[in-house]
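A short worksheet on the structure shown next.
Residue numbers (our numbering), protein chains in the order written: chain A, 1 to 124; chain B, 125 to 248.
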């Protein structure tokens, strides 16, 4: 297990949302051909499919405000990260979101193996 | 990767919250000595430490209402699960929560390797 899991996870979260909010096409380098994303229940696999989804999201301005970041080590040296925060898009009111990542290392770089995103919207 | 990841994750979630809400001491069998839980930012390790925390939570009645469950396979045959839902305790108003699990199989039983829980409470 990676003893640096907490700082790796928190640095990643900081980098990820800054890049997402500034120019989300820059996130392409964080995904690999076998990366998986589940975005609002839709399953995507590969950096190409994930980026196609992210860049097509229909807003111009976006800001992620992180509320909490919790990290745990995985058995294979990776890092499990759960984020709770608020998403502000264009001039809409903020929405809560929850996002979970599994980060792995290919020997020289960290990449996203798993990514699950949900707006926190309850029907009751 | 386990091709049954989606049904395994969803059956687990159904079982877990039913057991939690009926008699949470029954959850002990789902954790192992090396299981990790991060509960509202507090890190716990071992079934014993986790159960001590869960049974000491200061409410009599509890109900988890699940809004969404998203599952992905892990590289070692396990299942990554992200849950968004609402927690109703005693006569308090419901609170949103987010919980992420990593489930592993010891050859005959599924157990929780990772568990991260947060109430969804934003300061802004």
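Beta carbons: idealized from backbone N, C-alpha and C, even for Gly.
Just curious, the alpha helix (DSSP H) that residue i is in, first and last residue?
| i | result |
| --- | --- |
| residue 9 of chain A | 5-23 |
Pop quiz: residue i and residue j are said to be a contact at Cβ under 8 Å. What is the actual Cβ separation, rounded to whole angstroms?
| i | j | result |
| --- | --- | --- |
| residue 226 of chain B | residue 198 of chain B | 7 Å |
| residue 20 of chain A | residue 66 of chain A | With a Cβ gap of about 11 Å, residue 20 of chain A and residue 66 of chain A do not count as contacting. |
| residue 137 of chain B | residue 207 of chain B | 6 Å |
Hey, does residue i have any beta-carbon neighbour from chain A nearer than 7 Å?
| i | result |
| --- | --- |
| residue 170 of chain B | no |
| residue 214 of chain B | no |
| residue 208 of chain B | yes |
| residue 128 of chain B | no |
| residue 133 of chain B | no |
| residue 238 of chain B | yes |
| residue 160 of chain B | yes |
| residue 227 of chain B | no |
| residue 181 of chain B | no |
| residue 148 of chain B | no |
| residue 178 of chain B | no |
| residue 194 of chain B | yes |
| residue 242 of chain B | yes |
| residue 257 of chain B | This structure leaves residue 257 of chain B out entirely; chain B is present only between 125 and 248. |
| residue 204 of chain B | yes |
Would you say residue i reaches chain B, if we count a Cβ-Cβ gap shorter than 7 Å as a contact?
| i | result |
| --- | --- |
| residue 107 of chain A | no |
| residue 122 of chain A | yes |
| residue 63 of chain A | no |
| residue 96 of chain A | yes |
| residue 51 of chain A | no |
Where does the unbroken beta strand (DSSP E) through residue i begin, and where does it stop?
| i | result |
| --- | --- |
| residue 176 of chain B | From DSSP, residue 176 of chain B is part of no beta strand (DSSP E) but of the alpha helix (DSSP H) over 171-180. |
| residue 151 of chain B | Residue 151 of chain B -> no beta strand (DSSP E), and no H or E assigned at all. |
| residue 184 of chain B | Premise fails: residue 184 of chain B is in no beta strand (DSSP E) and is neither H nor E. |
| residue 96 of chain A | 95-105 |
| residue 209 of chain B | 203-213 |
| residue 232 of chain B | Run containing residue 232 of chain B: none; DSSP gives neither H nor E here. |
Does the distance from the CB of residue i to the CB of residue j come in under 7 Å?
| i | j | result |
| --- | --- | --- |
| residue 70 of chain A | residue 162 of chain B | yes |
| residue 159 of chain B | residue 171 of chain B | yes |
| residue 24 of chain A | residue 54 of chain A | yes |
| residue 204 of chain B | residue 196 of chain B | yes |
| residue 113 of chain A | residue 104 of chain A | yes |
| residue 96 of chain A | residue 2 of chain A | no |
| residue 44 of chain A | residue 111 of chain A | no |
| residue 232 of chain B | residue 98 of chain A | no |
| residue 118 of chain A | residue 192 of chain B | yes |
Quick one: list the residues of chain C neighbouring residue i, beta-carbon separation under 8 Å, in chain order.
| i | result |
| --- | --- |
| residue 76 of chain A | As a matter of chain content, chain C is missing from the structure shown, whose protein chains are A and B. |
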